[in-house]
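The structure appears right after this line, and notes come after that.
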Amino acid sequence: MKGPFGFFIHPLNYNDLYRVMPELVNKRPDFIEGILKWIDPFVAAEIELKTKTNDTVFGMFIVIPLLAKQFIEDEKLAVSKLIKASNLAIKLGTKILGLGAFTSIVGRAGLTLVNLFKERLYFTSGASYTVASSLEVVDYNLNQMNLNKKDLVVSVIGATGAIGKAISNLIYRDYKKIYLVARNKSRLNALKNEITINDPYFNKENILITNNISEATKVSDVVIVATSSPNELINVNDLKYNSIVCDISMPHNVSKEVIEKRKDVIVIEGGIIRLPSIPTFRKLFNNISFEDIIGYPKNNVLACMAETIILTAENIKENYSIGRNIDSNKIIKIKELADKHGFSVENVFLKK
Ligand SMILES: NC(=O)c1ccc[n+]([C@@H]2O[C@H](COP(=O)([O-])OP(=O)(O)OC[C@H]3O[C@@H](n4cnc5c(N)ncnc54)[C@H](OP(=O)(O)O)[C@@H]3O)[C@@H](O)[C@H]2O)c1
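Following this note's numbering, the numbering of the sequence shown begins with 25 at its first residue and continues without gaps.
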């Protein structure tokens, strides 16, 4: 048996919370948020599964009781909960900890925890496998439509973040033109400079930067979204006719109206992974199903969870995807290990 690993999860929004605690539906939001601040991290489920190589992996899901918006509004509180949760993970005997959703965004993208828990715990945000699997699912859809990337314009929204930067660096050469999009212009400039310094013969005019999302998305055939905003950022009139959008952000940034009204546009979820076997679960919080805790069918998990399981199966004791400069060799390696253990990418269309 390999493990146990720990994986941090949290409710992204009120819908997530109501799914696991329906008794909260009629309570006031300020009351709910106030209560969440006082609850300590706890284990919400245990998981066990076999990989293709016949390794049995065991892990625990540890809840950080805060909504995505609370991670952004009060980073100090969020980091203090992550420290408590890491200490709990040590008591439970875990060595490898995966940082799900906004737990990898606060605390300098995991670096604060890495420095505090040196040698006692190893962390990953799961960004390497998220990048590899999201690019795979985009390519799959482009191939299905017989489209050639060299004829297409791509936008990366959240281009200066851990995931966005790795993706931008991997794809800028493949497309006709790339828009790098985020709010902070100086970080966008720095990214453009980094690309052009590393690749001096590449035509700079094919890399455009903007902090106006719709300016980029309205002319893009492919839009890849990976921001740390908990809000809907891409609206119904922002997209080019027949475009493909891959929304990696959790919670998603593509608006519900896009899904309802833009039947010409394909919106896929990035980083959804099919497990190599159906897992067994124990100690489920409130006796609810794992599907309700995670929000996906039993055999599907997010790439960040899959990366944590794969690292555990391989007994890799190192901080893997941490910080905002993801190593491209690690992206290649995790994809190879995913194939070895029978993890595969799921093509999931975003629902309302
Ligand atoms: N599917 C999975 O398995 C998986 C795995 C890991 C992460 N994720 C999700 O992926 C997303 C990105 O994660 P990350 O680790 O790359 O985050 P990150 O390193 O914090 O980067 C966030 C990026 O978003 C930009 N941004 C934030 N607010 C924005 C706004 N309102 N408009 C435009 N750009 C904005 C930031 O730049 P500025 O601040 O300059 O705007 C930055 O470029 C998160 O939602 C995370 O939960 C999914």
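Beta carbons are placed, not taken as given, at the ideal position from N, Cα and C, and that holds for glycine.
Ligand 1 heavy atom lying under 6 Å from the CB of residue i
| i | result |
| --- | --- |
| R348 | yes |
| G185 | yes |
| N343 | no |
| A214 | no |
| C328 | yes |
| N208 | yes |
| G182 | yes |
| M274 | yes |
| A250 | yes |
| S253 | yes |
| G295 | yes |
| A125 | yes |
| I129 | yes |
| G188 | yes |
| V241 | Looking at the sequence provided, one finds Thr at residue 241 rather than Val. T241 Cβ: outside cutoff for every heavy atom of ligand 1. |
| T378 | Nothing in the structure corresponds to residue 378, since the chain is present only between 25 and 376. |
| T80 | no |
| K304 | For the sequence presented, residue 304 should be read as Thr rather than Lys. Incorrect: T304 has no Cβ contact closer than 6 Å to ligand 1. |
| T154 | yes |
Candidates the options, of which the one nearest residue i by Cα
| i | options | result |
| --- | --- | --- |
| K209 | F55, I233, K200 | I233 |
| D105 | D262, L91, M274 | Note on identity: in this sequence residue 105 is Lys, with Asp being the wrong assignment. Of the listed residues, the one whose Cα sits closest to K105 is L91. |
| K26 | T75, K307, E47, V325 | T75 |
| V448 | N343, I334, I346, F314 | Residue 448 is absent from the structure shown; the chain starts at 25 and stops at 376. |
| N311 | A69, L140, D223, A250 | A69 |
| P300 | N39, E143, F367 | F367 |
| D262 | H34, E239, P275 | E239 |
| F95 | I129, E160, E342, N193 | I129 |
| S158 | P35, V291, P28 | V291 |
For residue i, three-class secondary structure by DSSP
| i | result |
| --- | --- |
| F309 | helix |
| A190 | helix |
| D351 | coil |
| S368 | strand |
| F249 | The sequence shown places Val at residue 249, rather than the Phe named in the question. In the structure shown, V249 sits in a strand (DSSP, three-state: E or B). |
| T234 | strand |
| N227 | coil |
| L4 | The shown model of the chain, from 25 to 376, leaves out residue 4, and the question about it has no answer. |
| D198 | coil |
| L335 | helix |
| N324 | strand |
| K341 | coil |
| Y265 | coil |
| L361 | helix |
| K209 | helix |
| I317 | helix |
| K26 | strand |
Cβ separation of residue i and residue j, assumed to be a contact under 8 Å, to the nearest whole Å
| i | j | result |
| --- | --- | --- |
| L374 | V278 | 6 Å |
| F19 | G134 | Because residue 19 is not part of the residues shown, which for the chain are 25 to 376, the question remains open. |
| I350 | A190 | 4 Å |
| Y153 | E331 | 4 Å |
| F32 | L123 | 5 Å |
| I231 | I202 | 6 Å |
| I297 | E370 | 6 Å |
| V269 | V243 | Not really, about 14 Å apart at Cβ, beyond 8 Å. |
| R185 | T251 | A small fix is needed here, since residue 185 is Gly in this sequence, not Arg. With 8 Å as the limit, G185 and T251 qualify as a contact, their Cβ atoms being about 7 Å apart. |
| A109 | I86 | 5 Å |
Ligand 3 heavy atom lying under 6 Å from the CB of residue i
| i | result |
| --- | --- |
| I120 | Ligand 3 is not part of the structure shown, which contains ligand 1 as its ligands. |
Residue-level contact to chain D via CB, residue i, 7 Å cutoff
| i | result |
| --- | --- |
| S110 | No chain D is part of this structure, which consists of one protein chain only. |
Those runs of the alpha helix (DSSP H) which lie wholly inside the stretch 93-143 and span at least 4 residues: 99-115, 130-133, 135-140
3 or more residues per run - each beta strand (DSSP E) lying fully within the stretch 30-104: 66-74, 80-87
Contiguous alpha helix (DSSP H) assignments of at least 4 residues, all confined to the stretch 270-305: 280-285
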